[in-house]
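Residue numbers (the numbering used here): 20 to 509.
Here's what the structure looks like:
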């Protein structure tokens, strides 16, 4: 429903239920409430048990705490405040309706299966009790369920999906933030943000605090910095993990501190203003990456079982190796003996983020070299990523495992040594995150076991002591992976 469908009345009270949309600009639900007139009560409800198997992980909870602080400050600057509650969402909303006399409840949609089911129930229940209950698309460029192929079904190939999206009308222009919000004279009670327990009791977040600024203003600043510093070289730079060649907008998008429409139109404006073909080409490549995010949500909506089940049915019979806790632990800790893999996992543990090229290498190593079920990797990423998004996490891991959309499993057994030499040529990324190898020459840094004894000695590296020897031989592991793939095709 569009904001225009809200009729303007007086003496009304609208509850705006904030979720993963922690911003005040281009916020369709907030905009609708403001256009109704009357009072606006912004609310956040912490109910992780309603998220099924996918309650926010530790890194996401830390980010959420900071983001809610930022949102509270933004609302205060508009003369409002954020009411924070904890408990069952429907019961909490009913209580707030009674406390405020609200006659409208609105929110922006989420697309995780458990949340869709919950929100459907809440919408049906509240429509029996208040005049207006509406949800809006504030998270995607295109409503995921509405993009369909010629047969009326969902797409499973990205290129065809994105081509269909580009034939649609361009995304609507972003909505302006309200200049002021009018709240009730007496505000309903709010629990302290600290009472939600989002931050860890033992602080392990120093690396994340150093790596990130959080909130709506920080999201806009990062986007502008990307445009001025990295966008022109994005097409090439996005594959270089040692460089700042990517936007790093993913956590801001996940928590809704910026909308995809805001990014789309900001990038589009930069393209139109530029006289350089390089910027236009790279900006178009970046918009295509936004398309992959859209595709991920499209798949999650149409195939809600994919967070735990392969999209491709034959992969249910894939012969995963018996899980080795020792190998899985080495992978998680960045101690596999393959430097590019270990660098990525250490970056993840320290900052809550990992470069996308390295995510593919790290994922391939887990599912192809170690033959460990992709769901183990998805679970680890879910807990450790600040941008842990169910749609994108699922798409990424099923893509790597070869069991999802756009699958080409025989071509996705990444050689971690060759990948390191290609995308981290001088070893800068490895030197940063695997400092015990920092003195090794570039020739050997991605395969230290191949280095002569003298080179290892000069670099102060004793394999098996300072840095582990490889947990598997890649060439042998590749053969096992190909045999496993062949078995399910047979």
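Glycine is no exception: its CB is placed at the ideal position from the N, C-alpha and C atoms. All values derive from a computational prediction rather than experimental measurement.
Taken atom to atom, the span from the alpha-carbon of residue 179 to that of residue 412 is near 21 Å. Across the structure, residue 264 and residue 192 are spaced so that their CA atoms are roughly 27 Å apart. Linking residue 365 to residue 352 through their CA atoms gives a straight-line distance of about 7 Å. Short of 7 Å from the beta carbon of residue 80, and not among the five residues preceding or following it, lie these beta carbons of its own chain, in chain order: 217. In the structure shown, the three-state DSSP call for residue 481 is coil. Ranking 466, 491 and 421 by CA distance to the CA of residue 176 puts 421 first.
For residue 274, no beta strand (DSSP E) segment is defined, and its DSSP state is neither H nor E. Nearest to residue 398 by alpha-carbon distance, out of 136, 76 and 251, is 76.
Bounds of the beta strand (DSSP E) holding residue 153 are 151-155.
Residue 61 is bridged by DSSP to 35.
For residue 443, the closest alpha carbon among the candidates 211, 465 and 347 is that of 465. Remark: C-beta atoms of residue 251 and residue 300 do not approach each other more closely than 7 Å.
The three-state secondary structure of residue 448, taken from DSSP, is helix. In the same chain as residue 434, and ignoring 5 residues on each side of it, the C-beta atoms closer than 8 Å to its own belong to 493 and 497, in chain order. At least 7 Å separates the beta-carbon of residue 262 from that of residue 238. Distance between residue 226 and residue 370, taken at the CA atoms: about 5 Å. Residue 174 is not a Cβ neighbour of residue 319, given a cutoff of 7 Å. Annotated three-state conformation of residue 463 is helix, per DSSP.
In the displayed model, residue 102 falls within a strand according to three-state DSSP. Within the same chain, and ignoring the five residues on either side of residue 407 in sequence, the residues whose Cβ sits closer than 6 Å to its Cβ are 76, 79 and 401. Boundaries of the beta strand (DSSP E) around residue 123: 123-127. Sixteen is the threshold: since fewer than 16 other Cβ atoms of the shown chains lie within 10 Å of the Cβ of residue 67, the residue is exposed.
In terms of Cβ geometry, residue 59 and residue 121 do not form a close pair [threshold 7 Å]. The beta carbons of residue 34 and residue 116 sit about 7 Å from each other, so the pair counts as a contact at 8 Å. Given a length threshold of 3 residues, the region 309-343 has no whole run of the beta strand (DSSP E) inside it. With fewer than 16 other Cβ atoms inside 10 Å of its own Cβ, residue 288 counts as exposed. Shown here, residue 486 sits in a strand according to DSSP, grouped into three states. By a beta-carbon distance limit of 8 Å, residue 470 contacts residue 463. Their separation comes to about 4 Å. Restricting attention to 431, 358 and 82, the CA atom closest to the CA of residue 500 is found in 431. If you look at residue 84, you'll find it in the alpha helix (DSSP H) that goes 77-96. Residue 102 is positioned such that its CB atom lies closer than 7 Å to that of residue 209. Here residue 439 is actually not in contact with residue 326; their C-beta atoms are around 30 Å apart, not less than 8 Å.
Only residues of its own chain outside the window of five on either side were considered, and among them 487, 488, 489 and 490 have a CB closer than 6 Å to the CB of residue 356, listed in chain order.
For residue 54 and residue 196, the gap between their C-alpha atoms comes out near 12 Å.
Here DSSP, grouped into helix, strand and coil, assigns residue 252 to helix.
Contact between residue 321 and residue 410 does not hold, since their C-beta atoms are separated by about 11 Å, which reaches or exceeds 8 Å.
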